[in-house]
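Chemist: Questions regarding the structure given below will be posed in turn.
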Amino acid sequence: MSTLTEATLLPRKADLTTASNALARAGQTWFIVAATGQLIFAWYMAALYGLSALRGDWETWNKVMPRGWNAGDTVGNIAIFVHLLLALVVTLAGLAQLLPAVRRAAPSVHRWIGRVYIASAFGIAFGSMYLMWVRGAVGDFSQHLGSTFNAILLVLFAVIALRHARARNLALHRQWALRLFMVMNGVWFFRLGLLLWLMIHQQPVGFDPKTFTGPFLTFLVYAQTLLPLAALELYFRAQRSDVAARKWSAAAVIAVLALATAGGVVGATMGLWLPRL
Ligand code: HEM
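This is the structure in structure tokens:
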């Protein structure tokens, strides 16, 4: 009897291991693609805004941002300066936090970068609300609400991830830190989504490029937060599942998302970032 049970259980266990490995590989592939795209984004921010700031050439900022640097608007200028500095910090720090080697070899470095990341999440969330609602930014009310939703989740997830870290609930801390990472990259996903859409249609569809408003952009501003969170949830559930088919289907979805991310990175690099440098 026991041999029979073993005979049926062993192949099932082997299937589950193969499916778990496939899921892990799909997750790693997505992360490598995303990390490459985020390093390009970080390089763009440093090369465009960082280098021109070091030269004192603030006019360059206005070539890209409608309300970049305005003589006389000291508070607004400080807000956008801090926003861009924190954007660079979180992009690089987020990647460092997810590298297992850093966590294993230097846990204290992980903790320090984590504190900087959480503080930056607050800075970006509150600062961007000032930039958008007080100083004024492109887009309509529906888009501003979508960005506000993103900012609220940034603060909420930062607090939850920090609380679990302090309580040493490391499994929960990992989950919430990954959710925070996804939400923090919402604006990056927006740029990828927009350029992927433009590459597919070869022209602006579903929005007016002059006013930067329209149904597609309203959809995208919510999707930038909700789609990556949904994909992450799928990944978590598949990791916990003991059904091989569930792991395989999640791995397939994540592999497709890795391809879409790669397409978006190529589009954003060629269509947005490189031409501005
Ligand atoms: C709720 C979150 C956020 C909101 C509402 C927001 C809002 C804004 C606003 C209003 C501007 C100025 C645009 C203008 O006046 O033309 C801006 C610029 C910018 N933000 Fe954010 N931001 C957010 C998060 C982030 C994050 C997390 C990053 C990067 C990690 C980031 C990167 C940038 C960059 C690079 C620019 C300059 C425009 C460009 O070169 O693409 N932002 N943001």
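Here the sequence shown is numbered in my numbering, starting from 1120 and rising by one per residue. Ideal Cβ positions, reconstructed from N, Cα and C, are used throughout, including at glycine. Keep in mind it's a predicted model, so treat the numbers as computed, not measured.
For the alpha helix (DSSP H) that residue 1343 lies in, which residues bound it at each end?
Modeler: Note, residue 1343: alpha helix (DSSP H), 1334-1359.
Chemist: Check whether the Cβ atoms of residue 1379 and residue 1315 lie closer than 8 Å to each other.
Modeler: Taking 8 Å as the Cβ cut-off, residue 1379 and residue 1315 qualify as a contacting pair.
Chemist: Sorted by chain position, which residues of the same chain lie with C-beta nearer than 7 Å to residue 1355's C-beta, five sequence neighbours on each side aside?
Modeler: Once the five neighbours on either side are set aside, the close Cβ partners of residue 1355 are 1294.
Chemist: At the level of alpha carbons, what is the spacing between residue 1319 and residue 1345?
Modeler: Residue 1319 and residue 1345: Cα-Cα distance of roughly 22 Å.
Chemist: From the DSSP output, read off the bridge partner residues of residue 1327.
Modeler: The partner list for residue 1327 (beta bridge, DSSP) reads 1332.
Chemist: Starting from the C-beta of residue 1211, find all residues in its chain whose C-beta is less than 7 Å away, skip the five residues before and the five after it, and write them out in chain order.
Modeler: Excluding positions up to five away in sequence, the list reads 1161.
Chemist: Please classify residue 1184: does DSSP put it in a helix, a strand, or coil?
Modeler: Three-state DSSP puts residue 1184 in coil, outside helix and strand.
Chemist: Can you tell me whether residue 1120 is buried or exposed, with buried defined as 16 or more other CB within 10 angstroms of its CB?
Modeler: Here residue 1120 scores only 47 on pLDDT, less than 50, and its place in the model should not be relied on; the value that follows carries that caveat. Burial call: exposed.
Chemist: Would a check of beta-carbon distances place residue 1134 closer than 8 Å to chain D?
Modeler: Going by chain labels, chain D is absent from the structure shown, which holds only one protein chain.
Chemist: In its own chain, which residues sit with a C-beta less than 7 Å from the C-beta of residue 1313, not counting the 5 before and 5 after it?
Modeler: Closer than 7 Å at Cβ, skipping near neighbours: 1339.
Chemist: Grouping DSSP H, G and I as helix and E and B as strand, with all else coil, what is residue 1216?
Modeler: Helix.
Chemist: Please report the distance separating the alpha-carbon of residue 1153 from that of residue 1377.
Modeler: Roughly 8 Å between the two C-alpha positions.
Chemist: For the ligand HEM, I want to know if residue 1306 counts as a neighbour, meaning its beta carbon is within less than 7 Å of at least one of the ligand's heavy atoms.
Modeler: Yes, the Cβ of residue 1306 comes within 7 Å of a heavy atom of the ligand HEM.
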